[in-house]
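Protein chains: 2
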Amino acid sequence: MNALPHGALSLSSLDEQILQPGVKGLPITEPLRQGAIGVQGWKLLHGDTSFPVAVLKTAALQHNLDWMRDFCARHGVQLSPHGKTTMSPQLFGAQLANGAWGITLANAIQVQVAHRFGVRRVLLANQLVARSDVRAVLRLLHDDPDFECVVLADSLAGVARLAEEAAAQGLTRALPVLVELGLSGKRAGCRTPEEAMTVARALAGAPGLALAGFEGYEGLISSDDHAADLRGVEHFIDRLCALASEADDEGLFGTAEILVSAGGSSYFDLVANGLRKLHGLSRPLRLILRSGCYLTSDHGTYKRDLEKLDAREGVAPGQGLRPALEIWSVVQSRPEPGLAILTMGKRDASHDTGLPVPLAFHRPGPGAPRALPSGCAIVKMNDQHAYLRLPAGDPTDDLLAVGDLVGCGISHPCTTFDRWPLLLAVDEDYTVRFALNTFF
Amino acid sequence: MNALPHGALSLSSLDEQILQPGVKGLPITEPLRQGAIGVQGWKLLHGDTSFPVAVLKTAALQHNLDWMRDFCARHGVQLSPHGKTTMSPQLFGAQLANGAWGITLANAIQVQVAHRFGVRRVLLANQLVARSDVRAVLRLLHDDPDFECVVLADSLAGVARLAEEAAAQGLTRALPVLVELGLSGKRAGCRTPEEAMTVARALAGAPGLALAGFEGYEGLISSDDHAADLRGVEHFIDRLCALASEADDEGLFGTAEILVSAGGSSYFDLVANGLRKLHGLSRPLRLILRSGCYLTSDHGTYKRDLEKLDAREGVAPGQGLRPALEIWSVVQSRPEPGLAILTMGKRDASHDTGLPVPLAFHRPGPGAPRALPSGCAIVKMNDQHAYLRLPAGDPTDDLLAVGDLVGCGISHPCTTFDRWPLLLAVDEDYTVRFALNTFF
């Protein structure tokens, strides 16, 4: 299995920075140049890192990069992965080097971070509203002719705000804008095609702005009725495509190509299949998926969603996207039978769509970690602690001792990445190869 | 009302750092020296900051610092505030300048951060277990004779690990250790006084270690039966005190004074009253509360707990600790009647003990914000969005428009601070005075 090489991810400005003691996961007691992490020879399984520590498995990352590139090529779509998931410049670089069209982001601050580290094409998948935030994005477009950014609007008020700031900032190229189609009772976005067309017409007529396409986020469709959810996703994508056709018929587009985008990390197959039905427009079409969590997958919500996606796509078990992100911590206390307290908590692992999933344990030293029996579960987390319940009568209850390492998968990469300013990239044997930064 | 002055919080190494565009809350498009933030004249209510933005109200902070200092003086206890709440060196400095005995922390990485920024006395309120983490703390003790750190143990295995590392590192002064008393079914800590005494005796006999006292965390006592909880807290503190007496009778203490510590942010009055009953020991006693959330309080869980504490202590309404931390965001979309989508999400505000509490709204410009009616509520958050429900038929539903600012209180400061590398300190009129850093 090919591991993602450090060279592909290296950013010299970050490799040259001097890390001070006090960065989560790093066992340093003296300042250390970040680029020198790989030559330290730290082995997580020997207890060399600080704990808790967040690790990214390079082989799984490379597999997922390749898998998604092939998926998009096969389905005739392109990827602008949601960068808010990781906010890691090195991972943005790996995604772009692997064929991504651009990076999707959620707000102006994230756009500034991405631009600072070399990203030159951004899909800002949100309404850009606050004056200082509009100005921050327009300033980048003004100062850097190589920078491209497309933003969303879902109301006439939003269009008016963008037009006003574009005029005030003296932008010499039109700001491309996608109209967001939403879902009743859900998040932002026009609730009806009629509303969406009204916003599209306003964009077509607004000086300094250009209608570039339509956008939606089908990932909010999630209920107890999975079959209905799937139909809902297909219907939503059909509506999005119909809007593009209607706006094209009216001659509203102001950009050289028409951009249509949807696709989180649960239904991107249905999105790709739906978008590809769009054809016969007057300008070239660009169909963009925006999945962010494909890069690491997880051991929770996305694992379950991706197993369903694999079944729909005929992907053989084990050949789909692989979980790449784990949190390792230490058994801090065995205060009573059946309970181990771990040195990780809400500050270290996501808890919004399920608690971490204990995978393996290891007594620091040589050898491979052993799987934890399936009855083991994290049942609660405090800010800095996790409660690992061990099945009554299970031999693990005797085996797991103070000081043992426990590796956990997580559910929801976005809310785990944002708890780590630095993650460690590891080989299959958990030797630390290099570091990845995040900017939240 | 006195505001906390910037000078009291200034750390020149942080004031001198150059902030790059892309830091949450900062509206900058060029690099800016952190110490120059206060002269920018940014007014949040004019929409000058980036959004979302986390603000600390300086007058409330100063009030809370004064209030807690007076409380401790009146109750004959000292404060080692839990620094994990804020992980802000400037706030550590303000707490120490205001009479705190030391800073409490949760793990070795946090200790390294605090030491780097000048903290010289730490209560590490956790078992220190991982080898690299034990070594990191011992290294600070070895290299810096002015640095003091006391840690916890709750098992013979833990004592053995500490003793082994203390010997390996050649520590010339004994490492002071508190025995943790726990609660059945809860987190770490010895479950019975007998277990705690066994650990205490092991510490007394371990080379390189010294029994310094006893510690517990009563904040885990929380059920639907509040009266029973209060009795449980009192009983727990009585047991903690009895352990100190018993260990003193046996001559187990190895430090010049005996340290007994408990106290989160919900019951610290009961803890103070309980600890003060301890007397007649052979050495000077140091009674330490560890509340972290007193500094900012909140509009959720702690607000409710502190109202009960105020009632127990006879504090007049409005004279207790005040909420100091707010998150302001922008109405990004009004996609349907009764719903406003805000530009803040799980990445910006805690959601583990209650969703944010909408307080006020304001159209950017002069004037004061207006209170939101009590029927308004944040009903859901995604990673980057909040769903603000407005009561049907409420005039606010017509008033609140795209681009309006909404200020929210939060529930649980710890899990909000850790989402902000930088918070802005503001006056009563939300003019930005200076910045505070966090290191998570």
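Protein chains in written order, with our numbering: chain L, 1 to 440; chain X, 1001 to 1440.
Every residue gets a Cβ at the ideal spot worked out from N, C-alpha and C, and that includes glycine.
Owing to the predicted nature of the structure, the values given are computational and were not obtained by experimental measurement.
### Task
Check whether the Cβ of residue 442(L) lies closer than 9 Å to any Cβ atom in chain X.
With chain L running from 1 to 440 in the structure shown, residue 442(L) is simply not present.
### Message
Across the region 1287 to 1304 of chain X and the region 1245 to 1256 of chain X, are there enough close Cβ pairs to call them in contact, namely three or more that are closer than 8 Å?
### Response
No, they do not touch.
### Query
Listing by chain order, which chain X residues have their CB less than 9 Å from the CB of residue 204(L)?
Going along chain X, no residue has its Cβ under 9 Å from residue 204(L), so there is no contact; the nearest lies around 20 Å.
### Exposure of residue 279(L), with buried meaning 16 or more beta-carbon neighbours within 10 Å
exposed
### Rounded straight-line distance, which links the Cα of residue 125(L) to that of residue 1330(X)
16 Å
### Task
Measure how close the beta-carbons of residue 1286(X) and residue 1257(X) come, nearest whole angstrom, since I'm counting them as under 8 Å.
5 Å
### Message
Quick check on the DSSP output: what are the complete beta strand (DSSP E) runs of length 3 or more inside the region 1297 to 1374 of chain X, in order along the chain?
### Response
1325 to 1336, 1339 to 1342 and 1357 to 1362
### Message
Quick check: the Cα distance between residue 343(L) and residue 103(L), rounded to an integer number of angstroms?
### Response
34 Å
### chain L within 9 Å of residue 1112(X), Cβ atoms only
yes
### Message
Please list the terminal residues of the continuous beta strand (DSSP E) segment that includes residue 1017(X).
### Response
Premise fails: residue 1017(X) is in no beta strand (DSSP E) and is neither H nor E.
### Task
With a threshold of 16 other CB atoms inside 10 Å of the CB of residue 1320(X), please say whether the residue is buried or exposed.
If you draw a 10 Å sphere on the C-beta of residue 1320(X), you find 16 or more other C-beta atoms in it, and that means buried.
### Query
Hey, which unbroken runs of the beta strand (DSSP E) at 3 residues or more fall wholly within the region 79 to 120 of chain L?
Segments of the beta strand (DSSP E) lying fully in the region 79 to 120 of chain L: 103 to 105.
### residue 88(L) vs residue 417(L) beta-carbon contact at 9 Å
Yes, the pair counts as a contact, with Cβ atoms nearer than the cut-off.
### Task
Return the CA-CA distance between residue 199(L) and residue 1054(X), expressed in angstroms with no decimal places.
Taking the straight line joining both Cα atoms gives about 32 Å.
#### Entry: chain X contact for residue 26(L) (CB, 9 Å cutoff)
yes
### Message
Going by DSSP, what residue range makes up the beta strand (DSSP E) through residue 1288(X)?
### Response
Where residue 1288(X) is concerned, the enclosing beta strand (DSSP E) starts and stops at 1285 to 1289.
### Message
For residue 109(L), would you say it is in contact with chain X, using Cβ-to-Cβ distances shorter than 9 Å as the test?
### Response
yes
### Task
With DSSP collapsed to three states, give me the class of residue 261(L).
strand
### Query
Which first and last residues belong to the beta strand (DSSP E) in which residue 1378(X) is found?
1377 to 1381
### Local conformation of residue 1033(X) per DSSP, three classes
strand
### Task
Identify, in the order they occur along the chain, each residue of the same chain with its Cβ nearer than 7 Å to the Cβ of residue 322(L), setting aside the five sequence neighbours on each side.
60, 63, 64 and 297
### Message
With DSSP as the reference, identify every bridge partner of residue 1294(X), one or two as the case may be.
### Response
In DSSP, residue 1294(X) forms no bridge with anything.
### Query
Hey, how far is the Cα of residue 1(L) from the Cα of residue 1213(X)?
The predicted position of residue 1(L) is uncertain, since its pLDDT is 49 and thus under 50; a value taken from the coordinates is nonetheless stated next. Their Cα atoms are separated by approximately 53 Å.
### Query
Are the beta-carbon atoms belonging to residue 135(L) and residue 165(L) less than 9 Å from one another?
yes
### Residue burial classification, residue 1058(X) (beta-carbon count within 10 angstroms, cutoff 16)
Buried, since its Cβ has 16 or more Cβ neighbours within 10 Å.
### Query
Between which two residues does the beta strand (DSSP E) harbouring residue 435(L) extend?
For residue 435(L), the enclosing beta strand (DSSP E) covers residues 432 to 437.
### Query
How do the region 347 to 354 of chain L and the region 388 to 403 of chain L stand: do at least 3 beta-carbon pairs fall below 8 Å, yes or no?
no
### Task
Report yes or no: do three or more beta-carbon pairs, one from the region 252 to 272 of chain L and one from the region 303 to 319 of chain L, lie closer than 8 Å?
yes
### Other residues of its chain near residue 1151(X): CB distance less than 6 Å, five sequence neighbours each side excluded
1124, 1128 and 1177
### Message
Quick check: is the beta carbon of residue 155(L) nearer than 9 Å to any beta carbon in chain X?
### Response
yes
### Per-residue DSSP class, three states only, for residue 276(L)
In this structure, residue 276(L) counts as coil in the three-state DSSP scheme.
### Task
Would you please verify whether the beta carbon of residue 1001(X) is less than 9 Å from any beta carbon of chain L?
With a pLDDT of only 49 at residue 1001(X), under 50, the local geometry of the prediction cannot be trusted, and the value read off the model is given with reservation. Residue 1001(X) does not count as touching chain L.
### Query
How is the beta strand (DSSP E) around residue 214(L) delimited, first residue to last?
209 to 216
### Message
Can you pull the chain L neighbours of residue 1440(X), defined as C-beta to C-beta under 7 Å?
### Response
347
### Task
Taking only the alpha-carbon atoms, compute the straight-line gap between residue 1388(X) and residue 1362(X) and give it to the nearest angstrom.
15 Å
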